[in-house]
Amino acid sequence: MSKPWAGRFTRATDRKVERFTASIGFDRRLWPQDIRGSVAHARMLGRQGILSPEETEAILAGLEEVRQELAAGTFPFRVEYEDIHMNIERRLIEKIGPVGGKLHTARSRNDQVVTDLHLFVKDEITAIRSLIFNLQGIILDRAAQEMETIMPGYTHLQRAQPILLAHHLLAYF
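Printed below as a string of structure tokens:
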């Protein structure tokens, strides 16, 4: 398979260069976001009349098959495709034929990278917020249990006045 960026190169890329430039080892974790972005993009192409309804449905069904492979851990990642975007696009084309290549219409790899990273960060923030809310609940519960526990308060690393452990715990809230 020729590289999408191969252009006028006549010789194959050295394997060491391929391994050095391939990002699939890192960005394979972006597959949920890449699929979501591709689904949204396919729907947009369909709504704009760039894809026919049949092409849109074929791409969406193919993306769902690819998503299932990724979720099941059976997706055949290939380092020669370099990144998650090309791995998914090539697999889609394998599954549904040349119409899968139309998914790349009106977007660049850089568009995909930015979209995937934006969605990844958004998903991670949601997960972190959930963890923070759980921690806050634990702190509140523990503070409620420690309303009678007295401990020394510190100012500038020196003992100051007695405080309740509950108040100390709530300082981290």
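Each residue of the sequence shown is one higher than the one before, starting from 9 at the first, in my numbering.
In this text, a Cβ means the ideal position worked out from N, Cα and C, and glycines have one as well.
Same chain, Cβ closer than 7 Å to residue i, neighbours up to 5 away in sequence not counted
i: T113; result: L53 and I58
i: E73; result: K103
i: R150; result: L177
i: D35; result: D91 and I92
Cα-Cα separation, residue i to residue j
i: R25; j: D42; result: A small fix is needed here, since residue 25 is Val in this sequence, not Arg. One C-alpha to the other measures close to 25 Å.
i: I104; j: G33; result: 26 Å
i: A48; j: I136; result: 25 Å
i: A80; j: R167; result: 57 Å
i: L68; j: S31; result: 25 Å
i: Q56; j: A50; result: 10 Å
i: P170; j: I133; result: 38 Å
i: M159; j: Q76; result: 55 Å
i: A20; j: L78; result: 29 Å
i: G161; j: P84; result: 58 Å
Assigned secondary structure, residue i (DSSP; H/G/I helix, E/B strand, else coil)
i: P84; result: coil
i: L165; result: coil
i: M159; result: strand
i: I43; result: helix
CB contact flag (residue i, residue j, <8 Å)
i: L143; j: T157; result: no
i: L111; j: R44; result: no
Beta-carbon separation (whole angstroms), residue i vs residue j, contact threshold 8 Å
i: E154; j: L177; result: 7 Å
i: E90; j: T29; result: 7 Å
i: L100; j: L71; result: 6 Å
i: I147; j: Y180; result: 6 Å
Own chain residues within Cβ distance below 8 Å of residue i, not counting five before or after
i: A152; result: A174
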